[in-house]
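What follows is a set of notes on a single structure, which appears directly below.
In the working numbering, the protein residues as written are 48 to 392.
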């Protein structure tokens, strides 16, 4: 089990519960010793403390073996995973592999992002941003924070920082319209939240480059920023592309049961997987759809290892849950085609 987030932890815990320890040995490889929910690093970035339990505590009593290490390669022909750790690393062999390495901030598509921008894709990067914002606050306020990205991560990051760091000015820059996939009513709720929190919304503007103290927009103008937070897209690890069949963007191609179409003893879940939902459309990279891929993989692995019939779990995209700081939020329901319903909460 190569695990980073909710999907991998969910699969590991349920397999340990449903498979006999006399017949199955489960090993979880994870680079960090703590479990962090991927939708929450924007909170510590803003200055709030959130619980990050140790994986050794999470898996206590399950029989799961935890290997704190960073995955460096997967060799599907030899059925081994190469890892690196403080002891020099090594190789771990497997009979069945669950690939759940998730995604990370896409810092390669736009010049300057890797060098000058912050992100909230991981706990370490969020804490790096937190330290920088602390320094800006320490100057007596007035610092400018530019959050780039019109998706849910950008919305949640901008509202969290604006609510917590009242001495800083926050701008949200969107290539289109923030929350464009939401219903009209939910977009109105988002607008009111941004107005209440004092967030400047810059719409229909792309970023061509990020510099140390500003972002260069596609129209040639510049936006000053003491901190540019990049949330404009995510990318997956290139590790899978070394031997598995993947899409152009590196996501593993699987069948209906989350099993790799090129290597049947490898399963993929979460952001790492490319699969079609029950509506015939690719499932998006988010925590909501990740849970459905995890449940299907569990059924497939248990079924194949025990000789039982494999149940088909639904693969859907039914809602978005969006935080707008700690005191506001939106639950947007979606229809069978993945489009926003008029109703929202």
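We put the beta carbon where it would ideally sit given N, CA and C, even for glycine.
Tell me which same chain residues have a C-beta within less than 6 Å of the C-beta of residue i, skipping the five on either side of it?
i	result
residue 127	138 and 140
residue 384	326
residue 371	206 and 240
residue 129	119, 120 and 138
Comparing C-alpha positions only, which one of the options sits nearest to residue i?
i	options	result
residue 164	247, 154 and 187	154
residue 268	315, 309 and 220	220
residue 276	285, 265 and 258	258
residue 201	183, 249, 63 and 184	249
residue 211	234, 199, 184 and 229	184
residue 354	66, 50, 373 and 53	66
residue 398	315, 374 and 84	With the chain covering 48 to 392 only, the question about residue 398 has no answer from this structure.
residue 166	87, 189, 99 and 182	87
residue 136	182, 78 and 195	78
residue 147	345, 369 and 351	345
residue 287	261, 226, 149 and 99	149
residue 369	145, 95 and 237	237
residue 351	312, 329 and 321	312
residue 89	373, 296 and 381	373
residue 123	102, 145 and 133	145
residue 102	133, 125, 96 and 50	50
residue 328	280, 281 and 382	382
Leaving out the 5 sequence neighbours to the left and right, which residues in its chain are closer than 7 Å to residue i when beta-carbon positions are compared?
i	result
residue 74	48, 112, 114 and 139
residue 234	226
Assuming residue i contacts residue j under a Cβ cut-off of 8 Å, what Cβ separation, rounded to an integer in Å, is found between them?
i	j	result
residue 151	residue 168	5 Å
residue 294	residue 301	Actually they do not touch by this definition, with Cβ atoms about 11 Å apart.
residue 387	residue 229	5 Å
residue 255	residue 157	7 Å
residue 100	residue 232	No, residue 100 and residue 232 are not in contact; Cβ-Cβ is about 37 Å, not under 8 Å.
Look at residue i and residue j and say whether their C-beta atoms are less than 8 Å apart.
i	j	result
residue 143	residue 348	yes
residue 319	residue 283	yes
residue 396	residue 331	Coverage of the chain is limited to positions 48 through 392, which leaves residue 396 absent and any answer about it impossible.
residue 339	residue 360	yes
residue 60	residue 119	no
residue 273	residue 192	yes
residue 116	residue 76	yes
residue 278	residue 213	no
residue 52	residue 335	no
residue 54	residue 341	yes
residue 170	residue 80	no
residue 362	residue 322	yes
Measuring only from the beta carbon, is residue i closer than 7 Å to any heavy atom that is part of the ligand FAD?
i	result
residue 307	With respect to the ligand FAD, the structure shown offers nothing to examine, as it has no ligands at all.
Alpha carbon to alpha carbon, what distance is there between residue j and residue i?
i	j	result
residue 217	residue 245	7 Å
residue 207	residue 106	31 Å
residue 197	residue 58	31 Å
residue 174	residue 303	38 Å
residue 224	residue 93	23 Å
residue 324	residue 379	18 Å
residue 391	residue 68	44 Å
residue 56	residue 159	34 Å
residue 70	residue 82	27 Å
residue 375	residue 215	20 Å
residue 290	residue 121	8 Å
residue 182	residue 377	31 Å
residue 84	residue 298	21 Å
residue 261	residue 72	51 Å
residue 177	residue 97	13 Å
residue 227	residue 247	17 Å
residue 133	residue 162	27 Å
residue 172	residue 209	19 Å
residue 343	residue 186	51 Å
residue 337	residue 285	19 Å
residue 280	residue 333	11 Å
residue 95	residue 125	45 Å
residue 296	residue 104	35 Å
Once you ignore the five residues that flank residue i on each side, which residues in its own chain have a CB closer than 8 Å to its CB?
i	result
residue 252	220, 221, 222, 264, 265 and 266
residue 189	214, 215 and 216
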